[in-house]
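Residue numbers (our numbering), protein chains in the order written: chain A, 149 to 454; chain B, 428 to 689. Cβ coordinates follow ideal geometry from the N, Cα and C atoms, glycine included.
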């Protein structure tokens, strides 16, 4: 759905995006992570034809950036960093203007549909200047979807929202994902990325890595299983470490933390061993590193895990 | 074309909620209509001015021909204020254009707007027309009101003929709007190059200066605004406008605006 090949953007001597080569599949939610100034917004602006690349090529929905710009703008929706609504106009008027500019056939119908979907129908005649930040953000999401785009670019969709509004926006993103749209999500909210994204790209001027959140964790930290025992001692730890498939094992209080390549196969063997050794197992669970750990590790080293 | 009308609709819906713009659109035409009418009224009431033509520049006296001294003096004063009339289609559109751009900047609406399938030319034409139409309509309406009241106030048919001279009709109908178009294009061009769009308004309003120069030059008798001067102004402005419109589309860089506006 989105393909870039060595996409580069320079502002004078400063390189904002360097040789970005990326494939985003149809229907997936692709998370684009990176620190401030990493080039995320510049990439979105290039892919939505707002600014032109300095070098490289990009296609969106099989249309080429720089050649088919108007066609690209017809099939993409964008939620910019700031909502950018006309404060002196009503919510309905704001959406009507954009629906006309996006050449929507049933302007009234589409405006009503999205105002109702995001719970703004009763406030449709109110001036946007009187809206809360969350309401403006919801209205901006309506605007991004009015023309039913195949690809939706969302730049920090929940930034600055209260938890309730953020939850509503996230639920809505899941809804539009279920409709089969491709979503390109720039976010600093790693929990949000973890929950919503099928794959994640980590960016810092250049692309550091791309993978699913689960694979990224595995590649960086491997898979670890925690055995909560009534009593754990070093003798148990020694017996566990003696098994050939154990990558590493540690005792933390009455817990054994064991690194495994294939927990689905090796957990039953480990459980049997521990029971035979007289251990009382209370719980068994997988230790999940947060996406934040993964992200900070990647950004800190700047080295690809590929 | 539908997108141009959408931009015009959007601009008018937004900009006319700004009190300063409303003030400019309503108050300035009233003021500029009243001033020459007051001069006519004063001229009519002071018939004893007749014969004393010492304050009138010689070349203007020549232009007055058979008019009495009072009528000639009235004509000279009205002519000077009619020059101010020509500033209307410049002042109103530049104020509207500048405020529409300030609005885009402060609310950061330009990025989503540029992300729609609208071309730069459609956007610029829409913005230009949204600024131009109210200014030109307000000027034409004011001039119409001025003409009707002048017709009722002026007893001398010869003076009326000279006040509602084809030169002034040309000036109001053609030169004013051409001047306005130049002002709007300068506003749009400058605003795409500076970080504070209010600078654009100030720079564009400098276009009033040559007009003020003509106004004062006529008062002191250095220059006489006649049909030739007006025709020359129209031709020069037409050429300037053609160049500015073409330059405006090239200079209005989406990228510059998006990356430099803070």
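Cα-Cα separation between residue i and residue j, rounded to whole angstroms
| i | j | result |
| --- | --- | --- |
| residue 596/B | residue 241/A | 39 Å |
| residue 208/A | residue 199/A | 14 Å |
| residue 306/A | residue 457/B | 50 Å |
| residue 391/A | residue 293/A | 55 Å |
| residue 379/A | residue 424/A | 14 Å |
| residue 657/B | residue 493/B | 23 Å |
| residue 196/A | residue 362/A | 29 Å |
| residue 269/A | residue 330/A | 26 Å |
| residue 352/A | residue 224/A | 24 Å |
| residue 446/B | residue 284/A | 24 Å |
| residue 436/A | residue 165/A | 32 Å |
| residue 567/B | residue 279/A | 40 Å |
| residue 495/B | residue 670/B | 45 Å |
| residue 674/B | residue 680/B | 11 Å |
| residue 588/B | residue 491/B | 11 Å |
| residue 157/A | residue 356/A | 17 Å |
| residue 182/A | residue 303/A | 12 Å |
| residue 334/A | residue 573/B | 60 Å |
| residue 290/A | residue 399/A | 52 Å |
| residue 367/A | residue 295/A | 40 Å |
| residue 186/A | residue 601/B | 53 Å |
Terminal residues of the beta strand (DSSP E) in which residue i lies
| i | result |
| --- | --- |
| residue 356/A | 354-359 |
| residue 373/A | 371-377 |
| residue 154/A | 150-159 |
| residue 162/A | 162-172 |
| residue 396/A | 396-400 |
| residue 180/A | 177-181 |
| residue 131/A | Lying outside 149 to 454, the shown extent of chain A, residue 131/A is not represented and no answer is given. |
| residue 273/A | Looking at the DSSP string, residue 273/A is not in any beta strand (DSSP E), and its letter there is neither H nor E. |
Contact with chain B by residue i, beta-carbon distance below 8 Å
| i | result |
| --- | --- |
| residue 413/A | no |
| residue 246/A | yes |
| residue 198/A | yes |
| residue 163/A | no |
| residue 514/A | No statement about residue 514/A is possible, as the shown extent of chain A runs from 149 to 454 and does not include it. |
| residue 228/A | yes |
| residue 221/A | yes |
| residue 233/A | yes |
| residue 256/A | no |
| residue 321/A | no |
| residue 443/A | no |
Identity of the residues DSSP links to residue i by a beta bridge
| i | result |
| --- | --- |
| residue 303/A | 334/A |
| residue 403/A | 376/A and 400/A |
| residue 97/A | As shown, chain A starts at 149 and ends at 454. That puts residue 97/A outside it, with no answer to give. |
| residue 225/A | 300/A |
| residue 238/A | 275/A |
| residue 347/A | 178/A |
| residue 208/A | 150/A and 211/A |
Contact with chain A by residue i, beta-carbon distance below 8 Å
| i | result |
| --- | --- |
| residue 685/B | yes |
| residue 438/B | no |
| residue 539/B | yes |
| residue 429/B | yes |
| residue 544/B | yes |
| residue 535/B | yes |
| residue 433/B | yes |
| residue 677/B | no |
heavy atom of the ligand NAD below 7 Å from residue i C-beta
| i | result |
| --- | --- |
| residue 581/B | As presented, the structure is devoid of all ligands, the ligand NAD included, so that no description of it is given. |
Spatial neighbours of residue i in its chain, beta-carbon cut-off 6 Å, leaving aside the 5 residues before and after
| i | result |
| --- | --- |
| residue 512/B | 459 |
| residue 524/B | 558, 611 and 614 |
| residue 338/A | 439, 440 and 443 |
| residue 553/B | 431, 434 and 435 |
| residue 498/B | 583 and 586 |
| residue 477/B | With a pLDDT of only 48 at residue 477/B, under the threshold of 50, the placement of this residue in the model should not be trusted; the figure read from the coordinates follows. So the list reads 495, 496 and 497, once near-sequence residues are dropped. |
Own chain partners of residue i with C-beta closer than 8 Å, once the 5 adjacent residues on each side are dropped
| i | result |
| --- | --- |
| residue 448/B | 442, 522, 523 and 526 |
| residue 343/A | 318 |
| residue 238/A | 272, 273, 274, 275 and 276 |
| residue 515/B | 455, 456, 459, 562, 565, 566, 569 and 603 |
| residue 428/A | 377, 378 and 379 |
| residue 421/A | 387, 388 and 391 |
First and last residue of the uninterrupted alpha helix (DSSP H) at residue i
| i | result |
| --- | --- |
| residue 655/B | 654-678 |
| residue 603/B | 603-618 |
| residue 571/B | 547-580 |
| residue 464/A | A question about residue 464/A goes unanswered here, because the residues of chain A that appear run from 149 up to 454. |
| residue 250/A | Premise fails: residue 250/A is in no alpha helix (DSSP H) and is neither H nor E. |
| residue 191/A | 188-195 |
| residue 285/A | 281-293 |
| residue 393/A | Run containing residue 393/A: none; DSSP gives neither H nor E here. |
Cutoff 7 Å; reference residue i; Cβ partners in own chain excluding five residues on either side
| i | result |
| --- | --- |
| residue 630/B | 613 and 617 |
| residue 467/B | 501, 505, 577, 580 and 581 |
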